Amino acid sequence: MNETAQRLLGSASRLSRDPETEIDWDAPVGDGYGMSPEWSTLYGTPYWDELTEAQQRELTRHESASVATTGIWFELILQQLVLRDVYDKPARSAEFQWALTEIADECRHSIMFARATERMVEPAYRPRWPARELGRMFKTVATGESAYAAILVAEEVLDVMQRDWMRDRRVEPLVRTVNHIHVVEESRHMVFAREETRERLAGAGRGRRWVSALVIAIAADMIVSSMVGPAVYANVGLDVDRAVREARRNEHHRSLLRTSCANLMDFLGSLGLLTPAASRVYRRTGLL
Amino acid sequence: MSYAISGECCSDASCVAVCPMNSIHPSPGEPGFGTGASLFIDPRTCIDCGACADICPVDAAQPADRSAVEDVQRNAAYFAEQEPLDAMDLDSWGEPSYELWGGGPRRVLVVGAGPAGMYATRELLLRTSAEVTLVDRLEHVGGLVRYGVAPDHPSTKQIIRTFERIVRHDRVRWLPGTDAGELPDEFDAVVHAVGARRSRRLGIVGEEAARTAEEFVAWYNGRPGAPVPADLAGPRAVVVGNGNVALDLARILLSDEQRLRSMQVPAAVRDVLAASGVKEVVLLGRRGPEEAAYTQSALQELLATVGDRVELRYHARPTSWTPEGLTLDDGTTIAAGNLFTAIGFEGQPIDGLPFDPDRGIVPNVRGAVVGRPGHYVAGWIKHGARGGIGVNKACAQETVMTLVSSSRALVSPGS
Chain D
30 MNETAQRLLG SASRLSRDPE TEIDWDAPVG DGYGMSPEWS TLYGTPYWDE
80 LTEAQQRELT RHESASVATT GIWFELILQQ LVLRDVYDKP ARSAEFQWAL
130 TEIADECRHS IMFARATERM VEPAYRPRWP ARELGRMFKT VATGESAYAA
180 ILVAEEVLDV MQRDWMRDRR VEPLVRTVNH IHVVEESRHM VFAREETRER
230 LAGAGRGRRW VSALVIAIAA DMIVSSMVGP AVYANVGLDV DRAVREARRN
280 EHHRSLLRTS CANLMDFLGS LGLLTPAASR VYRRTGLL
Chain U
4 MSYAISGECC SDASCVAVCP MNSIHPSPGE PGFGTGASLF IDPRTCIDCG
54 ACADICPVDA AQPADRSAVE DVQRNAAYFA EQEPLDAMDL DSWGEPSYEL
104 WGGGPRRVLV VGAGPAGMYA TRELLLRTSA EVTLVDRLEH VGGLVRYGVA
154 PDHPSTKQII RTFERIVRHD RVRWLPGTDA GELPDEFDAV VHAVGARRSR
204 RLGIVGEEAA RTAEEFVAWY NGRPGAPVPA DLAGPRAVVV GNGNVALDLA
254 RILLSDEQRL RSMQVPAAVR DVLAASGVKE VVLLGRRGPE EAAYTQSALQ
304 ELLATVGDRV ELRYHARPTS WTPEGLTLDD GTTIAAGNLF TAIGFEGQPI
354 DGLPFDPDRG IVPNVRGAVV GRPGHYVAGW IKHGARGGIG VNKACAQETV
404 MTLVSSSRAL VSPGS
């Protein structure tokens, strides 16, 4: 672990991003898409086709802001999980120092996401109530592989979307830059989360694996299902019931999510974390 | 510091997708991708984050300080003529591409559980909500990864574990030891991923006494039903061919007992090889080194492993094989106890589908079999016997995209 952490520290010293100075926060924001339209929860549904292009653009801006808010929410959980995990580790170890570097990254990212969403759309979003309460519990009690694999899931789901958005010229430049900053630093965080998950699971018995697998799957479901909620559709002036219904049945979106999360599922599968119970949850969430 | 990719690269490009600095090339769609050679990491832009190594299914990406010097040099050399790509300029990245959900098939049959069939199954699970029936004549998934990759390349075989997870997906019905022709006609589409296993022939006098790569590789990998080769007679053997398989053969033939013991080979194979008395191998290229199909990394590995016990000869056309040895078109004879031919593989016709005997493939347009709606091909039977294992991923993606966007009608597997 220390060798990985040492490498990650070296990588961070080679390239870290500072949103404070890299982004011109005073520059005017244009009217580009908030995310690649194909990533909209309604893309490919009849409802999407009925919207004007301006409405579609507005919808993606709100969806993007809502996803970013979910990101902030989970980054807070993550910081607490990591801090709790390294609390009694020796401060001079690379693992400890990397953990604090990661927390610092996440802290900067949260501020960056907060400022960007503030500039993009009017109302503020936050995850739905049950997710917030479960998150509150999770950050207090989760340990070991449950904590690190949940971190990985959250990071990876955001990451795959952001890789598309940052390359997409239709997307508002501010969002593209914010996403690239996140993608670069998140790549190191995911390496760390994978390594910790592997290490914590080494020697785990079937019972513990079964429980951890289910806990991670439920965390994944909470994260993914919190990304875009009814408030988004309401704020864009859509028929909320219809939008929620069509989004839920949107096979295009499910296949996009499934495809993007294939590496993640491979990783979980390789560690025996795709138990039948966990797989059922992932299928319902649309990740498997 | 940076990361480097070794010669065991499978080119499935998972690393390209996770690199946050766009440092890994050639990426799918770029010139050079899919030719079978390795991918490379640009040390000038790599930030040493390790994302590529984490995702690599065959452990080919490693930190440079843990890689062989030749691997590090090869990675750097690939980029020597180019300007470094500025990852901070997001327009230097390729644009994302999306496929719109088109309804998709309900039941698909995939014939062949080698890399092409497994990647096609995986793509179907990801892109569609179809139920996939996967059949193979053999009892295990893996195809040529299991029974074609040399046993001293165990990392490459790791990808079998990924394949084994795919068959456990609850939308997959895995029928090992099954002939597709025996299944009832109940599919919306059939993907034929049967590969190209048959060795090409030299067409010289006495060739029937030679060992083909197909037989020999299957034998040393313990493929069920593979015939035991005739006596291996030393001290010299000739291998005709200049591809990576020919190099594999030379390496295996020249492995001493200690090296053989480190490989995952059946005990009987080890005994036969150890007792063979083959002390040197002549590797015969009918054309020059510049036209050779082997990769530089494979050649380096061979030379590093067997040293001067292998003789590389180019521009040499064999004319006949006799107990005295192999006669060339310049009239000389190489005295040798065994002749091995490894001059490529070709596909065999599939019942009911058209076949292009010149290219050894089923004629197709982006994977859709010409004139046979509902039938698709992936892998070597689609594009010929070229390209590494991972290249099948991009190939299967193309086929499944074509499949998903085509109309559907009930088709039968064996027609």
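Going down the list, the sequences are from chains D and U.
The numbers in the working numbering rise by one with no breaks, and the one at position 219 of the first sequence is 248.
The numbers in the working numbering rise by one with no breaks, and the one at position 331 of the second sequence is 334.
Heads up, the beta-carbon is just placed ideally off N, CA and C, and yes, glycines get one too.
A quick note: this is a predicted structure, and the numbers were derived from the prediction, not measured.
Proximity winner among the options, relative to residue i (alpha-carbon distances)
i, options, result
"R312/U", "I169/U, V285/U, T124/U, F343/U", "V285/U"
"P366/U", "H195/U, A296/U, W104/U", "H195/U"
"R36/D", "T288/D, R227/D, V220/D", "V220/D"
"W96/U", "Q76/U, V21/U, K160/U", "V21/U"
"T130/D", "F103/D, S40/D, W77/D, V257/D", "S40/D"
"L147/U", "L137/U, V138/U, T136/U, T159/U", "T159/U"
"A94/D", "L163/D, S139/D, M30/D", "S139/D"
"E82/D", "R199/D, E228/D, L44/D", "R199/D"
"P179/U", "V208/U, G310/U, L306/U, G115/U", "G115/U"
"V242/U", "W177/U, S258/U, R316/U, A64/U", "R316/U"
"P66/U", "I50/U, R149/U, A183/U, A80/U", "I50/U"
"I27/U", "A90/U, R69/U, A71/U, T38/U", "A90/U"
"G61/D", "A291/D, R205/D, G100/D", "R205/D"
"R137/D", "R157/D, A178/D, E215/D, A160/D", "E215/D"
"A183/D", "E67/D, L105/D, Q84/D, W127/D", "L105/D"
"A371/U", "A63/U, S409/U, R164/U", "S409/U"
Proximity test, Cβ basis, 7 Å: residue i and chain U
i, result
"N31/D", "no"
"S216/D", "yes"
"S284/D", "yes"
"A291/D", "yes"
"H281/D", "yes"
"L44/D", "yes"
"R313/D", "no"
"R287/D", "yes"
"V220/D", "yes"
"S122/D", "no"
"R227/D", "no"
"S40/D", "yes"
"V212/D", "yes"
"R278/D", "no"
Where residue i sits in the DSSP three-state scheme
i, result
"G328/U", "strand"
"H378/U", "strand"
"V61/U", "coil"
"V138/U", "strand"
"A412/U", "Bear in mind that a pLDDT of 49 at A412/U, under 50, signals an unreliable position, so the model cannot answer this."
"D173/U", "coil"
"I364/U", "strand"
"P157/U", "helix"
"Y72/D", "coil"
"I44/U", "strand"
"I8/U", "strand"
"L103/U", "coil"
"I337/U", "strand"
"G315/D", "coil"
Test: residue i CB closer than 7 Å to a CB of chain D
i, result
"G377/U", "no"
"P99/U", "yes"
"W104/U", "yes"
"C52/U", "yes"
"L88/U", "no"
"W177/U", "no"
"R168/U", "yes"
"L1/U", "Missing from the structure shown is residue 1/U; chain U here goes from 4 to 418 and no further."
"W222/U", "no"
"L406/U", "no"
8 Å contact criterion, which residue i and residue j should meet: CB distance rounded
i, j, result
"G301/D", "R223/D", "That belief does not hold up - the Cβ atoms of G301/D and R223/D are roughly 15 Å apart, past 8 Å."
"V111/U", "D191/U", "6 Å"
"E87/D", "T70/D", "No, E87/D and T70/D are not in contact; Cβ-Cβ is about 14 Å, not under 8 Å."
Any non-hydrogen atom of the ligand FMN within 6 Å of residue i CB
i, result
"A20/U", "Summarising the ligand content, the structure contains no ligands, and the ligand FMN is consequently not present."
- [ ] For the region 13-27 of chain U, enumerate the residues whose C-beta is nearer than 9 Å to any C-beta of chain D, in chain order.
- [x] S17, A20, V21, C22, P23, M24
Task: Members of the region 65-91 of chain D near chain U, C-beta cut-off 7 Å - done: If the cut-off is 7 Å between Cβ atoms, the region 65-91 of chain D has S65, E67, G73 near chain U.
Task: Members of the region 116-132 of chain U near chain D, C-beta cut-off 8 Å - done: R125, L128, L129, R130, T131, S132
Open item on the list: To be precise: take each residue of the region 182-206 of chain D, compare its Cβ to all Cβ atoms of chain U, and keep it if any distance is under 9 Å. Which residues remain?
Closed with: D188, V189, R192, D193, W194, M195, R196, D197, R198, P202, R205, T206
Task: Near-chain D residues of the region 29-49 of chain U - C-beta to any C-beta below 7 Å - done: none
Task: Within 9 Å of chain U by C-beta, residues of the region 132-153 of chain D in sequence order - done: none
Open item on the list: Tell me which residues of the region 326-338 of chain U have at least one Cβ-Cβ distance to chain D shorter than 7 Å, keeping chain order.
Closed with: none
- [ ] Using a Cβ-Cβ cut-off of less than 9 Å, give me the residues of the region 229-261 of chain D that come near chain U, in sequence order.
- [x] none
TODO: Identify each residue in the region 293-307 of chain D for which the Cβ-Cβ distance to at least one residue of chain U is less than 9 Å, and report them in chain order.
DONE: M294, D295, F296, G298, S299, L303, P305
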